[in-house]
Structure formats: C-alpha cells, structure tokens
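Data block below; observations after.
In this note's numbering, the protein residues as written are 12 to 556.
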C-alpha cells in the first residue's frame, strides 16, 4: 500500500494500491495515482481513474468506467453502463450492451444500447446508432453515419461524405446528398430529396414533395408525384412530368410547371394545368390548360387554354416553327385565334385545304386596331415599289408608295388596291396568267442584247427621311431600251413595269444556255480529240523505245 491509500476488501493477486488510491470490494486493483476501484474485480490502473461496478475497468489517465464490465481505456474517456466501452481519448460511451462503445474515435460520444461511435469527434446517440467516421453524427434508433461529416437523425442512413439524412428510413447515400422525410432517398452526389417517399438518384438533382422522383442528373422535381426523366429537366406541380415517356432520346432540359403539366421536347417548356405533351421533339412551348396537347413534332408554341393544332393534323407532327395563340377560333374553326407559320415553302391548314405564303401570320377572326397602322404590303408582278398603309382621320386606309405619293385603291372590288400603273393586282403569291383571259400575240424576243444595255444604280428617294438604300434602274434609261415598260403617272413622274425586264431576263438566260450548251459540245469534242492524239503519241513513244 502506498501513502494515504484506503482499502476495504481484498486486492487482486497482482494488484497494489497507488498513492491516495481507494479500493472497495474483492479482487480489486487500484494502483493508479488518486484512483478509485469499487466492486468485484474492479480495476482503476490509470492515474485519477475511477472504476465502479463488477469487472469495471479504467485503464488510462483520468478515465471513468461505471457499470458491470464497463471499459474506459482511452485517456480522459467515460464509459457509463453495463458492458459499455470508451476506448478513444476523451470519448464517451453511455448505454447498456456489449457493443455500446467508442473504440477508436478520439473525443467521440456513444450513448444508447449497442451505440457505436468509432470516428474521431463522432457522436452516436440511440439504440444501435452508428457513427463510424470523423465528425459523424448519428442520432436515433438504428441511425447510421458512416462517412466524414455525415449526419443521420432518426432511423436514417448517411453514407456519403458530408451527407445528411433526417427521418424514418431516410437515405443520403452519396457525397453531400440531403434526404429529409419518411422513406426519402438521395443517392446522387449533391442530390436533395425532401418529402414523403421522395427519390432523387441523379447528381445535383432536387426533389421536393410526396413521391417526387428522378433518376437523372441536374433535375428539379417539385410537387406530389412530380417526375423528371431526362437530364437537366424541371417539373413543378402535382403530377408534373418532364421528359418523354415513349422515348429515351428526348426531353433533355425540359421544363413542366403546373398540375399535370408535361413536356417531352428537348429544351421544351410547359406551363399550366395539363399543358404540354410527352412526345419526342425539340423546342416546344405550351402555356395554358391543355395547351399543345396533340403536338408530336418540334418548334411549336401554344399559348392559351386548349390552344394548338388538332389531333392528327400535319401541323402537329411537322418540324416547322408554328405559334398558336388562343383556343380554336369561333369565327371559322381555325386552329387558334392567332397563328404564326414560319416555314420556307407552302404550308397547309393541317388537312390539305388551303395554302398560305412563307412566314405567314393568320388571324382567324376580326381585327380591331385603336391607333395608327403602318405596314408594308409584299406583292409580286407589278413594281418593286412598296405600298405603305397609313390610317387617316376619316377611318379609311390610304396606300402610299415609298416616296410618300398617294396611290389609288378600291374601285373594282371592295377593299382592292391598285398598283401605280392603274391595274388592280392581287396581294397573294399568285398572278393571273390563264390563257383564257388573254389575247396572245407573237413571241417576245427581247433578250440579252437589251439586258446588256441596262445600267443598275444604287439610290435613295429624295423624300425618304430614312434614306433607305435601294437598287434599281432609272426610268429614263429604261425607256430607251424598253419604251413600253415606262409611262408617265398622273403626278407627272415616270413609273415602270418590271415584267418587261423580267421576261427579257428569261430570254437572255435561254440565249446564254444555248451558248453554254454549244461550248460544252465543242469542249467534249476537243477532249475526245485530245484523248485520241494522246493515245497515238503513246504508241509512237512505245515504238521508239
């Protein structure tokens, strides 16, 4: 016995009493400085250690073990409870069970039946809670935090670096993933899943709402049953759906917002209840209830409830850029009140009934404009001059040419406009040319000889304040070559008829084609002649050798 030691009972066969030590019980061992051993076979061998309970063991400096077979072997550790073990420095084990331990984690805490805290600075609190890596935190029945800085609260698993899982059966299985809620699952890196049975498996994805789900990266699904099937997609709203259901090749970066909204086009957008579609394609936009519901092609924009082409329409299936604003027209059963068709060729109404020109805007109804109108009419076959329409005080429209001169309008047919030569012209892409309407004379032979005499100039109109650059011929010059194509207008200025030049150009092209054909024949003859001479030369060279 050392100085100031106290013993009541019997020492272990190999035991001694340290200075100022206290030993109470049979077969005890208190040989550490200022140590305390209380209970059968209790051992406090570390300085300032305390062992209380049957087979309690405090073997390191400043350790405390309390409970049957408890063990505190890490410096400064605390083991509280039967069979609890605190083996890391400054660690704490509180609970009952042969695995209620903190084996190798310094400054770790384990509290609860069979709680395990083996990572440095880790904490496991709860029945069978497990914190097995540095700075890991596991709180709750069967909670598991197995990676650095992972947090699991509830019956949850956080197995990724820096991951967070909170809730019954919540799982954060990849690095920096977050799962919050009952049976939530965030298994992609940096994925976030919040809600009930929410599942986000792709990296950098976000899911919020009951059963919101996605298996692709960079997805956002918000709302009950919201789902994203293709990468980069966004689905917001109950049963919102981003990505095509009938194809694995379409729906990337699609956006669907609204209850039942769906978008299967790559880079497509659907906004509104039941808007959009899940068919393949690209660049579709649907805004409004049931907008674009029958679309299966690309480049379609539908705005308004029930807007878009009819089921089975060619417009619904093609790849032409088309815009539909408003639902089916009550004026004429058109696909929408306002249609825009931006194509490079003739387009049909979807059922093959009529043709419109390139890049056409169609209004299926009346147009009321409260304010001025300035417009340029495109026309073909009369003159290069534009016609600009200006609203007048009296309410009617007056046509003006590019130089600001009033033209004539509306005498033969209601609403018709006249061209500058006084002849009525049609404003579509077709011209009148039926033989039954004409007295046909002799063939026009104007051609290359006359076209060669024309000079083309850059110019601007003197009265044009914008000084718009133009290209054309001078009427006085043209009159010398094509006298029938030039006449004096009612205002004294010369006006021209471009069709004389146009058809002379056709004749000139025919003349040039004839010359080219002749040259091609001559060239072919020379090639064949050259080929024969080359063969004879080779024969001579062969004989000389």
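Quick reminder that beta carbons are idealized off the backbone N, C-alpha and C, glycines included.
- In the DSSP assignment, residue 36 forms a beta bridge with 20.
- Here residue 465 is near residue 489, since their CB atoms are less than 8 Å apart.
- One alpha carbon belongs to residue 326, the other to residue 300, and they sit about 20 Å apart.
- Shown here, residue 551 sits in a helix according to DSSP, grouped into three states.
- Between the C-alpha atoms of residue 160 and residue 127 there is a straight-line separation of about 16 Å.
- Residue 252 counts as buried, since no fewer than 16 other beta carbons sit within 10 angstroms of its beta carbon.
- Counting along the chain, residue 492 sits inside the alpha helix (DSSP H) bounded by residues 486-492.
- In this structure, residue 215 lies near residue 228, with their beta-carbon atoms less than 8 Å apart.
- Taking residue 106 as reference, the option from 88, 99, 133 and 138 with the minimal CA-CA separation is 138.
- A Cβ-Cβ separation of about 4 Å places residue 60 in contact with residue 69 under the 8 Å criterion.
- A straight line joining the alpha-carbon of residue 477 with that of residue 294 spans about 37 Å.
- Cβ contact annotation for residue 518 (same chain, cutoff 8 Å, sequence separation greater than five): 455, 456, 457, 458 and 459, in chain order.
- By the 16-neighbour rule on beta-carbons within 10 angstroms, residue 552 is exposed.
- The Cβ atoms of residue 100 and residue 81 do not sit closer than 8 Å to each other.
- Here DSSP, grouped into helix, strand and coil, assigns residue 236 to coil.
- Between the C-alpha atoms of residue 202 and residue 191 there is a straight-line separation of about 11 Å.
- The beta carbon of residue 222 sits closer than 6 Å to the beta carbons of 208 and 236 from its chain, once the five residues preceding and following it are set aside; these are given in chain order.
- Secondary structure at residue 327: helix, using DSSP grouped into helix, strand and coil.
- Ranked by how close their Cα comes to the Cα of residue 93, the residues 67, 129 and 118 have 67 in first place.
- Residue 469 sits in a strand when the DSSP states are folded into three classes.
- Annotation note: the segment 501-555 contains the following uninterrupted beta strand (DSSP E) runs of length 3 or greater, listed N- to C-terminal: 505-507.
- Here residue 496 carries a helix assignment [DSSP, helix/strand/coil].
- Scanning its chain for C-beta atoms nearer than 6 Å, with the 5 sequence neighbours on each side dropped, one finds around residue 17 the residues 33, in chain order.
- Annotation: residue 139 is outside any alpha helix (DSSP H) and is labelled neither H nor E by DSSP.
- Counting the other CB atoms within 10 Å of its CB gives residue 311 a total of 16 or more, which places it among the buried residues.
- The Cβ-Cβ distance between residue 231 and residue 220 does not fall below 8 Å.
- Counting of Cβ neighbours within 10 angstroms places residue 244 among the buried residues, the total reaching 16 or more.
- If you compare the alpha carbons of 39, 142, 118 and 132 with that of residue 125, the shortest gap goes to 142.
- CA-to-CA, the gap between residue 130 and residue 274 works out to about 47 Å.
- Each residue's CA atom was taken as its position, placing residue 544 and residue 527 some 25 Å apart.
- Counting every other CB atom within 10 Å of its CB across the protein chains shown gives residue 144 a total of 16 or more, marking it as buried.
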